[in-house]
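These notes concern the structure reproduced below.
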Amino acid sequence: MGTRKVAVITGANGGLGYSIACRLLDTIPHSVPLTIVITARYLRKAVETIKRLRAYATERDLLSFDYVLLDLGSVSSIDEVASQLLSRYTHIDYFFCNAGGGDFTGIDWPAAFIEVLSSPKDSVTHPHFKRERTGRISRDSIGWVFQINVFANYFLVKRISSLLSGGGRVILITSIESEIANKFDPEDIQLIHSDQPYVDSKKSLELMHSAVVKRWAEEFGVQIYITHPGICQTSIFAAYLNWFSTFGMLCLFYIARWIGSPWHVVAPYNGALAPVWAAVDAVPEADPVDGVVYASACDRWGRCYVKRTHNATEEDRKNGAILVQELDKLVEDSLERIKLERT
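Those letters in the sequence shown? Residues 150 to 492, by our numbering.
Given below as structure tokens:
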């Protein structure tokens, strides 16, 4: 029997987060004691997810579950989750920053039809027809999409850095859509004026990683990998699809795979490959954390593997440093505000 491993998965009630938990259960040997801590916004979802995971792992005896309720749109909630983790655990081995979202308003259907007809593969790899709302601000006076996808991860990891020190791994999850992000704008770091804040927030996550990966390894002894799940079926955009459009999207996924796309892994369990590999199997000496995005990929027959992609440039590192300055200021301001609220 080995030392107990502790894994925290934010947003584990959804497709990719739940699949990360399942793949983690399939990857870590049954002889290793394991605790999986999930986060969800609502108690009902947390309880249901743990019930499903227990049913999935009926043959594991050395397994336990825990949960914390997390609202990424509230800095107070993020801080409370950090406090709970610090009070319950002495060490966290794997921290999956999976939770997040977008402020979508629908689909530009004429543009979608044109994209699909002109380039079927690219239309379901780098779609330009998703409509996003511009200008949403969180209750903490921060760009809402920026807060839930970037700042929340930064704030939470910094707050629990002592639990991750000495070999803990943080797994950030970006998206292949970051390849079509707008140019970094130092005047709009919080993406309040962006016309595609979700896409741009994923690029911001990569910039953040390029700026902190070495520093946090030296300061905290934390390995930070950044991964993306390829392209798989998740619930993030499901509200704008009916059964017909969902079926059509899946058909296009398989067509794109067949004509050469390595990214259309389709199933969330396949998408979970790279995040879990980075947490459990990656070797820093052979699989560097600095400047590399590790992605879930597959061949045309659906056989999955981990693929290296996107090396950070000097411009990325420069922009990442500017971004992290803003994040540090937001952390400082947020902690001061929370302190005042609680006195």
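No residue lacks a Cβ here, since even glycine has one placed at the ideal position from N, Cα and C.
- Look up Lys332 in the DSSP assignment and say whether it is helix, strand or coil. coil
- Task: Sort out for me which residues DSSP pairs His377 with in a bridge.
- Result: Ala444
- Can you tell me whether Lys488 is buried or exposed, with buried defined as 16 or more other CB within 10 angstroms of its CB? That one is exposed.
- Query: Who are the Cβ neighbours of Asp337 in its own chain at under 7 Å, not counting the five residues just before and after it?
  - Reply: Ser343
- In chain order, which alpha helix (DSSP H) runs of at least 4 residues are fully inside the region 234–285? 258–267 and 269–272
- Query: Phe345 by DSSP, collapsed to three states: which one?
  - Reply: Residue identity differs from the one stated: residue 345 is Gln in this sequence, not Phe. Correct three-state label for Gln345: coil.
- Message: Using the Cβ count rule (16 or more neighbours within 10 Å means buried), how would you classify Gly166?
- Response: buried
- With C-beta atoms as the reference, is Glu281 less than 8 Å away from Gln345? yes
- Task: Can you grab the Cα-Cα spacing for the pair Gly420 / Gly164, in whole Å?
- Result: The straight-line gap separating the alpha-carbon atoms of Gly420 and Gly164 is approximately 10 Å.
- Helix, strand or coil for Ile169, going by three-state DSSP, please let me know. helix
- Round the Cβ separation of Ala428 and Arg318 to the nearest angstrom and send it over; I've been treating them as touching at under 8 Å. With 8 Å as the limit, Ala428 and Arg318 qualify as a contact, their Cβ atoms being about 5 Å apart.
- Message: Here's the rule I'm using: 16 or more other beta-carbon atoms within 10 Å means buried, otherwise exposed. How should Phe393 be labelled?
- Response: Exposed, because fewer than 16 other Cβ atoms sit within 10 Å of the Cβ of Phe393.
- Is Tyr303 buried or exposed, if buried means 16 or more other CB atoms sit within 10 Å of its CB? buried
- Can you pull the DSSP bridge partners for Val455? Ser445
- Does DSSP put Asn468 in a helix, in a strand, or in coil? helix
- Which term fits Glu326, buried or exposed, when burial requires 16 or more other beta carbons within 10 angstroms of its beta carbon? buried
- Message: Tell me which residue opens and which closes the beta strand (DSSP E) that Phe214 is part of.
- Response: Leu212 to Leu218
- Item | Contact set for Tyr374: own chain, Cβ-Cβ below 6 Å, skip 5 residues either direction | Ile320, Ala427 and Val438
- Message: Check for me: the alpha helix (DSSP H) holding Val429 runs from which residue to which?
- Response: Leu422 to Val429
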